Amino acid sequence: MRLSFLLLYTLLIVSGCTPLGDPSDNQYEVVYKINDIHSTEIEKWRSEEITIALVPKLINIPYFNAVKEGALEAGKDLGVEVIYTGSLLADAKQQIKIIQDLIEQRVDVIAVSVNDPKELAPVLLEAQAQGIIVITWDADAVPEARDFFINMVDPEVLGRHLMDILAWNTSEEGEFAIMTGSMSAANLNEWLDWIKVQQEENYPNMKLVEVVATDDDPNKAYTKAKELLLEYPNLKGIIGNSSVGPPAAAHAVKEQGKQGEVAVVGLSSPNQMNEHLKDGSAQIVTLWSPKKLGYLTVALSKNAVNQTNPYDRQYIPKVGNIHVIDDVVIMGEPIDFTKDNVDQYDF
1 MRLSFLLLYT
11 LLIVSGCTPL
21 GDPSDNQYEV
31 VYKINDIHST
41 EIEKWRSEEI
51 TIALVPKLIN
61 IPYFNAVKEG
71 ALEAGKDLGV
81 EVIYTGSLLA
91 DAKQQIKIIQ
101 DLIEQRVDVI
111 AVSVNDPKEL
121 APVLLEAQAQ
131 GIIVITWDAD
141 AVPEARDFFI
151 NMVDPEVLGR
161 HLMDILAWNT
171 SEEGEFAIMT
181 GSMSAANLNE
191 WLDWIKVQQE
201 ENYPNMKLVE
211 VVATDDDPNK
221 AYTKAKELLL
231 EYPNLKGIIG
241 NSSVGPPAAA
251 HAVKEQGKQG
261 EVAVVGLSSP
271 NQMNEHLKDG
281 SAQIVTLWSP
291 KKLGYLTVAL
301 SKNAVNQTNP
311 YDRQYIPKVG
321 NIHVIDDVVI
331 MGEPIDFTKD
341 NVDQYDF
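Residue 27 in the UniProt record's numbering is what sits at position 27 of the sequence shown, and the numbering runs on without skipping anything.
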């Protein structure tokens, strides 16, 4: 265990089941007990095998399937047990239930791609209080509810780049829309903010007409894309801000015969977008390797259990050198995929 003390807390409900309110109502009493325990005694408390649990925003979409592949590979390489578990929907309440189950299992690390930073904060703090290391990856929590965050790329670089690749394909003019995932996802919102900044600073002849949420549901994304094309007949481009957006938008563009009229760019994997890039229903997609992200998360999780924090320019086998700023790890730079290079990648 990474702590030099064990924090045990007991919440005693004196009466009623109403939400926590003013301390003066005397309905709740919180008792904290902090006992000094030698590190050797703490190590005995842990099982010999390290267990690392990864919780994605949702399961069974290509992006998170690739993360799972990398995480399981790292588990085999590094000799740790990896649990990869999530819900079929990008839903914070379901994530909370999954994390509560993992706390009961006494895993060593819980690593989460967070659907809603504020909603998940209490259960992540509970995990930390139980001596479990909490790491976020892909999408962050509030900083006090985790040990560190593994980010794929610098958010400003990515957001500005997404705006650039759309502008390159629309002659830097016209109306455009953005298809994001969950409106509460911290990473998507940060990228969204930088997209807007880049447009306002550099592309005055372009106009953002709407931002729609897909909730990372491919069917909902396709429906939203069709609605955008119908509602805005002069639309010149769509940015997909999460992995389900570009393939859905490209499918809708092709179906309505608007290839060459409406540019589609955004974040998605090359395998998902291979056909769309080649038939002209999409122009450029950009991403990092989600498989590497899964591998990196497990590698840094094991290091954290062994009391080794990530550091700048640290080399991680099968990943490369990482960049660290305060408590944020940045894996690397995004990769652009076009019809000319998409066959070079397989994820």
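The C-beta atom is built at its ideal place from N, Cα and C for all residues, glycine as well. Note that the structure is a prediction, hence the values are computed from the model and not measured.
Closest Cα partner of GLU333 within the set ILE325, THR286, ILE110: THR286
Whole-Å CB distance - residue 348 paired with TYR295, under 8 Å assumed: There is no way to answer for residue 348, as the model of the chain reaches only from 1 to 347.
GLU175 - containing beta strand (DSSP E), residue span: 174-180
From PHE347, HIS323, LEU293, PHE337, residue whose alpha carbon lies closest to that of ALA74: LEU293
Nearest neighbour of VAL265, chosen from LEU162, SER301, VAL134 [CA to CA]: Closest by C-alpha distance to VAL265, out of LEU162, SER301, VAL134, is LEU162.
For LEU229, the nearest candidate out of ALA248, SER242, SER243 (CA to CA): Taking LEU229 as reference, the option from ALA248, SER242, SER243 with the minimal CA-CA separation is ALA248.
Buried versus exposed call for TRP168 [16 or more other C-beta atoms within 10 Å across all chains shown]: exposed
Residue(s) in a DSSP beta bridge with ASP336: DSSP lists THR286 as partners of ASP336.
Limits of the unbroken beta strand (DSSP E) element including TYR232: Per DSSP, TYR232 lies in no beta strand (DSSP E) segment and is marked neither H nor E.
Burial state of ARG146, where buried means 16 or more other Cβ atoms lie within 10 Å: Classified as buried, ARG146 has 16 or more neighbouring CB atoms from the shown chains inside 10 Å of its CB.
Cα-Cα separation, ASP346 to PHE337: One alpha carbon belongs to ASP346, the other to PHE337, and they sit about 11 Å apart.
Span of the alpha helix (DSSP H), counted from its first residue to its last, around residue 364: A query on residue 364 cannot be resolved here, the shown segment of the chain reaching from 1 to 347 and no further.
Supposed close pair ALA141, ASN115 - CB separation, criterion 8 Å: Going by Cβ atoms, the distance from ALA141 to ASN115 rounds to 10 Å, so no, they are not a contact pair.
Residues near PRO270 by beta carbon distance below 6 Å, same chain, minus five either side: PHE337, VAL342, TYR345
Boundaries (first-last residue) of the beta strand (DSSP E) holding LYS68: LYS68 -> not in any beta strand (DSSP E); alpha helix (DSSP H) instead, spanning 62-78.
Within the stretch 184-257, ranges of the alpha helix (DSSP H) (whole runs, at least 4 residues): Every alpha helix (DSSP H) stretch that sits fully inside the stretch 184-257 and reaches 4 residues is listed by chain position as 186-202, 218-231, 245-255.
Where GLY266 sits in the DSSP three-state scheme: strand
Best match in LEU89, LEU72, ALA90, ASP77 for proximity to ILE83 [C-alpha to C-alpha]: Shortest Cα-Cα distance from ILE83 to any of LEU89, LEU72, ALA90, ASP77 involves LEU72.
Same chain only: Cβ atoms within 8 Å of ILE165, ignoring 5 sequence neighbours per side: Cβ-Cβ distances below 8 Å link ILE165 to VAL265, GLN283, ILE284, THR286, ASP336 in the same chain, with the five nearest sequence neighbours on each side left out; the list follows chain order.
Same chain only: Cβ atoms within 6 Å of GLN272, ignoring 5 sequence neighbours per side: PRO62, PRO247
Inter-residue spacing [alpha-carbon to alpha-carbon] between VAL262 and PRO233: 10 Å
GLU255 versus PHE176, GLU227, LEU267, residue with shortest Cα-Cα distance: GLU227
Beta strand (DSSP E) segment containing ILE322, residue limits: Element bounds for ILE322: n/a, residue is neither H nor E.
Counterpart residues of THR136 in DSSP-defined beta bridges: VAL112, PHE149
Length of the line joining the Cα atoms of ASP154 and ASP138: 12 Å
Outcome for SER24 when other beta-carbon atoms lying within 10 angstroms are tallied against a minimum of 16: Bear in mind that a pLDDT of 31 at SER24, under 50, signals an unreliable position, so the number given afterwards is only what the model happens to contain. It is exposed - the Cβ of SER24 has fewer than 16 other Cβ atoms within 10 Å.
Selected residue, minimal CA-CA separation from ASP193, among ASP216, ASP215, VAL157, LYS224: VAL157
Local conformation of THR328 per DSSP, three classes: Looking at the sequence provided, one finds Val at residue 328 rather than Thr. Strand, per DSSP.
Local conformation of TYR84 per DSSP, three classes: Secondary structure at TYR84: strand, using DSSP grouped into helix, strand and coil.
Rounded separation between VAL212 and ALA129 - CA only: 38 Å
Which of helix, strand or coil DSSP assigns to ILE96: helix
Minimum C-alpha distance to THR223 - residue among LYS97, MET179, LEU208, GLN259: MET179
Among VAL112, LEU78, ILE133, nearest to PRO317 - alpha-carbon criterion: LEU78
Inter-residue spacing [alpha-carbon to alpha-carbon] between ASP216 and GLY240: 11 Å
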